[in-house]
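Encoded as structure tokens, the structure appears first; notes follow it.
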Amino acid sequence: REGLTGNYVYDREANQMFYPVTDTLSRILSSELEPMSYRNIKKLTIGDILKETDNQSKVFSVAGKDRTAVLMGGKHPDGVFWTNGGPEYVTSSYYMNAYPDWLIKFNKSRPLHKYFGTVWERLIPDEKLYLERCREDEYPPEATSSWDDSTTFPHKFPSYSEGEEPNYDLFWDFPWVDHVTIDLSELIIKEEQLGRDRHPDMLMVGISMTDGVGHRFGPFSQESMDLFLRLDMKLGEFFDFIDKEVGLENTLIVLTSDHGSAPMPEHSTAQGHTAGRFGKRYRIMKSVINTRLAEKWGEGEYIEKIANGSLFYDFDILAEKKVNLRDLNQDVIPILLEEEWVEKVYTREQLSSDEPLDYEGQLLKNQFHPKWSGDLFPVSKEYYVLRSSVGTTHGTPYDYDTHVPLYFAGISIHDRMLEDSVETVDIAPTIADILGIQLDGVDGRVLELGESN
Numbered sequence: 003r004e005g006l007t008g009n010y011v012y013d014r015e016a017n018q019m020f021y022p023v024t025d026t027l028s029r030i031l032s033s034e035l036e037p038m039s040y041r042n043i044k045k046l047t048i049g050d051i052l053k054e055t056d057n058q059s060k061v062f063s064v065a066g067k068d069r070t071a072v073l074m075g076g077k078h079p080d081g082v083f084w085t086n087g088g089p090e091y092v093t094s095s096y097y098m099n100a101y102p103d104w105l106i107k108f109n110k111s112r113p114l115h116k117y118f119g120t121v122w123e124r125l126i127p128d129e130k131l132y133l134e135r136c137r138e139d140e141y142p143p144e145a146t147s148s149w150d151d152s153t154t155f156p157h158k159f160p161s162y163s164e165g166e167e168p169n170y171d172l173f174w175d176f177p178w179v180d181h182v183t184i185d186l187s188e189l190i191i192k193e194e195q196l197g198r199d200r201h202p203d204m205l206m207v208g209i210s211m212t213d214g215v216g217h218r219f220g221p222f223s224q225e226s227m228d229l230f231l232r233l234d235m236k237l238g239e240f241f242d243f244i245d246k247e248v249g250l251e252n253t254l255i256v257l258t259s260d261h262g263s264a265p266m267p268e269h270s271t272a273q274g275h276t277a278g279r280f281g282k283r284y285r286i287m288k289s290v291i292n293t294r295l296a297e298k299w300g301e302g303e304y305i306e307k308i309a310n311g312s313l314f315y316d317f318d319i320l321a322e323k324k325v326n327l328r329d330l331n332q333d334v335i336p337i338l339l340e341e342e343w344v345e346k347v348y349t350r351e352q353l354s355s356d357e358p359l360d361y362e363g364q365l366l367k368n369q370f371h372p373k374w375s376g377d378l379f380p381v382s383k384e385y386y387v388l389r390s391s392v393g394t395t396h397g398t399p400y401d402y403d404t405h406v407p408l409y410f411a412g413i414s415i416h417d418r419m420l421e422d423s424v425e426t427v428d429i430a431p432t433i434a435d436i437l438g439i440q441l442d443g444v445d446g447r448v449l450e451l452g453e454s455n
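Just so we're aligned: 5 in this note's numbering is position 3 of the sequence shown, and the numbers increase by one with no gaps anywhere.
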């Protein structure tokens, strides 16, 4: 609906990628980081609708990643905070003109600083418990980093000398940022008096390092298991805090994820699947296709860009060469299907029409945008990963990627598991129904979680 086709979006007119939450009209209040906000996005969030319904309600959002905090927070929150590669939790002038005193004090305590020079070891000393659920710790396809050339426990976090500027980017594939984010969430609840009156408040907490650790070590790694064990403990402490401050009987908790993760192709192969990596091939596909097309149509950059899993045509070249779009599709699609990693290809016409599509096509159609999407959409084969030699990623239509947890707990919700197919777009209308607010024009449906929501 909004055109958020990826972390970065390709602007065909400007011939460049842009970050949708960048806000050139704002500034970060305490640093030279690039300013971010919800300014460029038109759709309201459930938090915005809550505040329109009850102007005494408060809405806060906090995460390690800027885009996570911004997109959850919506257009008119009371506060949105993130820490992208810096020592502090920051916000932009879009949201407020000065930091609250409690955030200034929190940042002055340098909450991430204490992790420099520490060692990430297994939470449970007995590795046998990990091996019951994970692969062996020594696994070559896991990625190293510029500061850690080891793929096995223990992982030593760098220290730094007096007067040296710490590198906070190093936290990306360690568990600790999420723990500090939860600490800040507790502070927001306490200092902003959330949940203390009859006006419902909303706090959205983004867990970011599961993504970084997942990319580097993969979903069946001991590192991923250990991260989730630690996160589970930290969330337990967080819910205990909420119970003490507000009362869990007065709280609705929703826990979910935006995506899953592909297993390492080497792991999939060992499990009997046909799998592979196509990162190197993917990077040269634009050149490969343009070279093939030039043999028929003459020299030209027919494929202008490959971004967010789709191919963008250069329509100026097509007009100059008098190449019909349908004819070009008929030439490009077979070239793509020759690739070992390509399962099928969809066209812009298919995704923008009303014709019925198969499962994978419908998923692509759900994220299609007439302005920001491309012209051809190849779908990779199952267990094939867009990585060159190490690590893994996500962004496919397969179960390991699209099936995510979805938990509701709290007010009027019975202890039970629903044997039903649900989607993450069901979250917003279900929360709105529980809160008794009107939410129009959204995808998804209200989930029946109790005798009556």
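Cβ atoms here follow ideal geometry from the backbone N, Cα and C, with glycine treated the same way. Please read these numbers as outputs of a predicted model, since none were measured by experiment.
query, result
"Ends of the beta strand (DSSP E) at residue 367?", "From DSSP, residue 367 is part of no beta strand (DSSP E) but of the alpha helix (DSSP H) over 361 to 368."
"Leaving out the 5 sequence neighbours to the left and right, which residues in its chain are closer than 7 Å to residue 316 when beta-carbon positions are compared?", "303, 304 and 306"
"How close, in whole Å, do the beta carbons of residue 51 and residue 441 come, if the pair is a contact with beta carbons under 8 Å?", "6 Å"
"Give, in chain order, every unbroken run of the beta strand (DSSP E) that is at least 3 residues long and sits entirely within the region 217 to 245.", "none"
"Return yes when the Cβ of residue 379 is within less than 8 Å of the Cβ of residue 312, no when it is not.", "yes"
"How should residue 90 be labelled, buried or exposed, when 16 other C-beta atoms within 10 angstroms of its C-beta is the threshold for buried?", "buried"
"Taking residue 278 and residue 342 to be in contact with their CB atoms under 8 Å, please state how far apart those CB atoms are, rounded to whole angstroms.", "6 Å"
"Roughly how many angstroms separate the alpha carbons of residue 267 and residue 165, rounded to a whole number?", "43 Å"
"Return helix, strand or coil for residue 284, following the three-state DSSP convention.", "helix"
"How would you label residue 461, buried or exposed, when you count the other beta carbons within 10 angstroms and need 16 or more for buried?", "The chain is shown from 3 up to 455; residue 461 falls before or after that span and cannot be answered."
"Compare the Cα-Cα distances from residue 386 to each of 264, 5 and 351 and report the closest residue.", "264"
"With residue 317 as the anchor, note down where its beta strand (DSSP E) starts and where it stops.", "Counting along the chain, residue 317 falls outside any beta strand (DSSP E), though it belongs to the alpha helix (DSSP H) covering 317 to 323."
"Ignore the nearest five residues each way along the sequence and tell me which others in residue 271's own chain have a CB closer than 6 Å to its CB.", "277"
"On a Cα-Cα basis, can you pick out the residue from 163, 148 and 138 that is closest to residue 154?", "138"
"In terms of alpha-carbon separation, which member of 374, 408, 56 and 77 lies closest to residue 42?", "77"
"Contact check, residue 60 vs residue 196 under 8 Å by CB: the rounded distance?", "6 Å"
"Label residue 419 either buried or exposed according to how many other C-beta atoms from any shown protein chain fall within 10 Å of its C-beta, with 16 as the threshold for buried.", "exposed"
"I'd like the list of long-range same chain contacts for residue 365, defined as Cβ closer than 8 Å, with 5 residues on each side in sequence excluded.", "399 and 404"
"Quick one: what does DSSP say residue 27 is sitting in, helix, strand or coil?", "coil"
"Measuring CB atoms only, is the region 122 to 137 touching the region 227 to 237, in the sense that at least three cross pairs come out at less than 8 Å?", "yes"
"Between residue 114 and the rest of its own chain, which residues show a CB-CB distance below 8 Å, the 5 nearest in sequence each way excluded?", "85, 89, 170, 173, 178, 179 and 182"
"Measure the CB-CB distance between residue 81 and residue 97 and report whether it falls below 8 Å.", "yes"
"Checking 8 Å against the spacing of the C-beta atoms, do residue 390 and residue 288 come in under that value?", "no"
"Give the C-beta separation of residue 31 and residue 101 to the nearest angstrom, bearing in mind that I take them to be a contact with Cβ-Cβ under 8 Å.", "6 Å"
"May I ask you to report which of helix, strand or coil DSSP gives residue 419?", "coil"
"Determine the extent of the beta strand (DSSP E) in which residue 349 is found, giving its start and end residues.", "344 to 349"
"Looking only at its chain, what residues have a beta carbon closer than 6 Å to the beta carbon of residue 13, apart from the 5 residues adjacent to it on each side?", "20"
"What does the alpha-carbon distance come out to for the pair residue 224 and residue 8?", "29 Å"
"Quickly, what does DSSP pair residue 265 with across the bridge? List them, please.", "Answer by DSSP bridge pairing: none, since residue 265 is not bridged."
"Alpha carbon to alpha carbon, how far is residue 349 from residue 377? Give it in angstroms, no decimals.", "6 Å"
"Mind reading off the beta-carbon distance from residue 23 to residue 40? Whole number of angstroms is fine, and I expect it under 8 Å.", "7 Å"
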